[in-house]
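Residue numbers (the working numbering), protein chains in the order written: chain A, 6 to 407; chain B, 29 to 201.
Every residue gets a Cβ at the ideal spot worked out from N, C-alpha and C, and that includes glycine.
These numbers were taken from a predicted model, which means no experiment stands behind them.
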């Protein structure tokens, strides 16, 4: 026993400080680049091919595989790996606004928090990263009803933020936690040119995950990004209240939503071909799948706000929670990718067109989102028009060479 | 302009003394950090912190006298801060998605490995430093004693006790 312990300890001690050589090599090269940038206050725009990061490659591989079956994207948690959240689209920002306020311009201040060091580089459109970013934008457009807002491969690690390729509008959406339906670009290049952003976070910045940033729940980092946009891109924004078509979600049949029991469970969804079956879901987790012609959403002990956020993409409009349900619920929803309007009701003008390139699954008769919500959870999805806060780019400049 | 040429041009602007120091000691600092944190991502973070501080300030006299010993202490302290911060953020880590783990170790199961990393982090700083210098950097007793400004016999006793503590930890159910 003692001998075995010695052997294991010796084995551990001989290995425990030996990271893989490639990790040391990568670290050295990345840091040299970063320090050099920091030393010369690198602000210049450098046109150079940017090798995609590992997650970016993975996302791209997934995108390619799923493109082969038209549009299929595996979505975990809050939408695609980095779709901009709808954190602001709840009652706190929308419902309390009165209709009379539509058209009003609200003041907007820029935060003073700053990254310790940041570099901004233009991504060549013909580069691998540039091409991928364009395709991601197209995919995002198809899925969410508006382009931009998809910063594939973005990573928020302890002390560092890396965005491999994102448009200025996407960076604005990330920085302000804005939905792509409620952000308006300025010049055309703000939605077509992609920039790589690498930044060091100052010591003491709270630790957030990439998911936190994607959900708009990394306020310190978001404020630093706001400052970077104001400094490097001379970005000037304004907030406006505009009447927009939205969906409201309310209780139609009381008693159908039940509090989540205290247990673990498996999501009742089938992943796209090539993806592993989802593991047991812990409390507070949710998965979303977009498959050809259908959506699958599954949640375990999540809040109504999580469900509402998950509905944003299939609904292709902002969804407002009007249920008043404050507990945690479970759901497994499967519905067709299109939302037929209720009989006799035309979509309000300005509504994003429904996806036409996603065909229904042959031989199946799936419920619509509206019916699935009514049948399983007793919830009512209704069209409404409401004043919504929209972020408008007033002026922006390409980052100048320093 | 290719990536390589852009980097080369940028690097011309880096202080040659700093660059020399960085290239010479990067792997040493990285291994030290990794041996304490057990995570590649954290090791990267520590190296960045240590050298960024140097880049921002004048080189301290201690560094000029014995760069290795200075960088070792700096890496050790930064890595311990990471561990403490990790403990504070334990709940976040559980909820988080991206916690890059160390590669698997043949012959040592994941639980034991994690427990041993934790046990090293719990050792007295000097004991942990001695352990790391011995097993990660292959220093002999005399070199360790010189680096830490102590005696050879103190190092030997400390190593013996640290090993005993780790073994005790491993035997606990």
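> In or out: residue 410 of chain A buried (at least 16 other Cβ within 10 Å) or exposed?
Replying inline: Here chain A comprises residues numbered 6 to 407, so residue 410 of chain A is not present and cannot be evaluated.
> Roughly how many angstroms separate the alpha carbons of residue 112 of chain B and residue 106 of chain B, rounded to a whole number?
Replying inline: So the alpha carbons of these two residues sit roughly 10 angstroms apart.
> What number of angstroms, rounded off, separates the C-alpha of residue 195 of chain B from the C-alpha of residue 143 of chain B?
Replying inline: The alpha-carbon atoms of residue 195 of chain B and residue 143 of chain B are separated by roughly 11 angstroms.
> Is DSSP giving residue 418 of chain A helix, strand or coil here?
Replying inline: Residue 418 of chain A lies beyond the stretch modelled for chain A, which goes from 6 to 407, so this question has no answer here.
>> So, at 7 angstroms on beta carbons, what are the nonlocal neighbours of residue 119 of chain A in its own chain, with the 5 sequence-adjacent residues on each side left out?
In response: Take residue 119 of chain A, set aside five residues on each side of it, and the residues of its chain with a beta-carbon closer than 7 angstroms to its own are 229, 232, in chain order.
>> For residue 374 of chain A and residue 264 of chain A, what's the separation of their Cα atoms in angstroms?
In response: In a straight line, the C-alpha of residue 374 of chain A is about 21 angstroms away from that of residue 264 of chain A.
> So which of A:181, A:36, A:197 has the shortest CA-CA distance to residue 170 of chain A?
Replying inline: When each option's Cα is compared against that of residue 170 of chain A, the closest is A:197.
>> Run through the DSSP bridge pairs and tell me what residue 253 of chain A is partnered with.
In response: In DSSP, residue 253 of chain A forms a bridge with A:325, A:387.
> What residues match up with residue 398 of chain A in a beta bridge as DSSP calls it?
Replying inline: Residue 398 of chain A is bridged by DSSP to A:242.
>> Please determine whether the Cβ atom of residue 403 of chain A lies at a distance below 8 angstroms from any heavy atom of the ligand PLP.
In response: With respect to the ligand PLP, the structure offers nothing, as it holds no ligand at all.
> Hey, residue 161 of chain A and residue 210 of chain A are a contact pair by Cβ (cut 8 angstroms); roughly how many whole angstroms apart?
Replying inline: Wrong, their Cβ atoms sit about 10 angstroms apart, outside the cutoff.
> If you run the structure through DSSP and keep just helix, strand and coil, what is residue 300 of chain A?
Replying inline: Note: residue 300 of chain A maps to strand in three-state DSSP.
> Are there 16 or more other CB atoms within 10 angstroms of the CB of residue 185 of chain B, so buried, or fewer, so exposed?
Replying inline: Using a 10 angstroms sphere on the CB of residue 185 of chain B, the tally of other CB atoms stays under 16, which defines it as exposed.
>> With H, G and I counted as helix, E and B as strand and the rest as coil, what does DSSP make of residue 371 of chain A?
In response: Looking at residue 371 of chain A - three-state DSSP - the assignment turns out to be coil, as it is neither helix nor strand.
>> Mapping the DSSP letters down to three states, classify residue 310 of chain A as helix, strand or coil.
In response: Three-state DSSP puts residue 310 of chain A in a helix.
>> Going by DSSP in three states, residue 163 of chain A sits in which element: helix, strand or coil?
In response: Coil, per DSSP.
> When DSSP labels each residue in this structure, what does residue 167 of chain B get in the three-state scheme?
Replying inline: For residue 167 of chain B, the secondary structure class from DSSP, reduced to helix, strand or coil, is coil.
>> So for residue 335 of chain A, helix, strand or coil by DSSP?
In response: Per DSSP, reduced to three states, the secondary structure at residue 335 of chain A is strand.
> Excluding sequence positions up to five away, which residues of its chain have a Cβ less than 8 angstroms from the Cβ of residue 399 of chain A?
Replying inline: Result list for residue 399 of chain A: 191, 241, 242, 243, in chain order.
> Buried or exposed: where does residue 59 of chain B fall if 16 or more other Cβ atoms within 10 Å of its Cβ makes it buried?
Replying inline: Label assigned to residue 59 of chain B: buried.
> Span of the beta strand (DSSP E) holding residue 126 of chain A?
Replying inline: Its beta strand (DSSP E) spans residues 122-128.
> Would the beta-carbon of residue 142 of chain A fall within 9 angstroms of that of residue 317 of chain A?
Replying inline: Cβ distance not < 9 angstroms, so residue 142 of chain A and residue 317 of chain A don't count as in contact.
> On the three-state DSSP scale, how would you describe residue 248 of chain A?
Replying inline: Of the three classes helix, strand and coil, the one that applies to residue 248 of chain A here is strand, per DSSP.
> Which same chain residues, not among the five before or five after residue 199 of chain A, have their C-beta less than 7 angstroms away from its C-beta?
Replying inline: So the qualifying residues of the chain are 128, 135, 138, 170, 171, 172.
> To which residues of the same chain is residue 223 of chain A closer than 6 angstroms at the C-beta, ignoring the five residues directly before and after it?
Replying inline: Closer than 6 angstroms at the Cβ level, and outside the excluded window around residue 223 of chain A, lie 213, 217.
>> Please list, in chain order, the residues of the region 53-69 of chain B that have any C-beta partner in chain A closer than 8 angstroms.
In response: Using a CB distance below 8 angstroms, the part of the region 53-69 of chain B facing chain A consists of 54, 55, 58, 59, 60, 62, 63, 66, 68, 69, ordered along the chain.
> Roughly how far, in whole angstroms, is the beta-carbon of residue 324 of chain A from the beta-carbon of residue 254 of chain A, given that I think they are within contact range, below 8 angstroms?
Replying inline: Sure, about 6 angstroms apart at Cβ, within 8 angstroms.
> Mapping DSSP to helix, strand and coil, what is residue 184 of chain B?
Replying inline: Residue 184 of chain B falls in the helix class under three-state DSSP.
>> Which residue wins for smallest C-alpha separation from residue 190 of chain B, given the options B:67, B:43, B:151, B:75?
In response: Residue B:151 is the option with its Cα nearest to residue 190 of chain B.
> Among B:101, B:54, B:91, which has the Cα closest to the Cα of residue 157 of chain B?
Replying inline: Between residue 157 of chain B and the set B:101, B:54, B:91, the nearest pair of CA atoms involves B:101.
>> So residue 160 of chain B contacts chain A; which residues on that side make the cut at Cβ distance below 7 angstroms?
In response: For residue 160 of chain B, the residues of chain A that pass the 7 angstroms Cβ criterion are 22, in the order they occur in the chain.
> Quick one: what's residue 189 of chain A bridged to in DSSP?
Replying inline: Its beta-bridge partners are A:397.
> First and last residue of the alpha helix (DSSP H) that includes residue 213 of chain A?
Replying inline: Run containing residue 213 of chain A: none; DSSP gives neither H nor E here.
> What does DSSP give as the partner residues of residue 200 of chain A in its beta bridges?
Replying inline: Within the DSSP bridge table, the entry for residue 200 of chain A names A:127, A:171 as partners.
> Which residues share a DSSP beta bridge with residue 341 of chain A?
Replying inline: Its beta-bridge partners are A:299.
> If residue 50 of chain B sits next to residue 37 of chain A, beta carbons under 8 angstroms apart, how far is it from one beta carbon to the other, in whole angstroms?
Replying inline: So it is a contact: roughly 7 angstroms between Cβ atoms.
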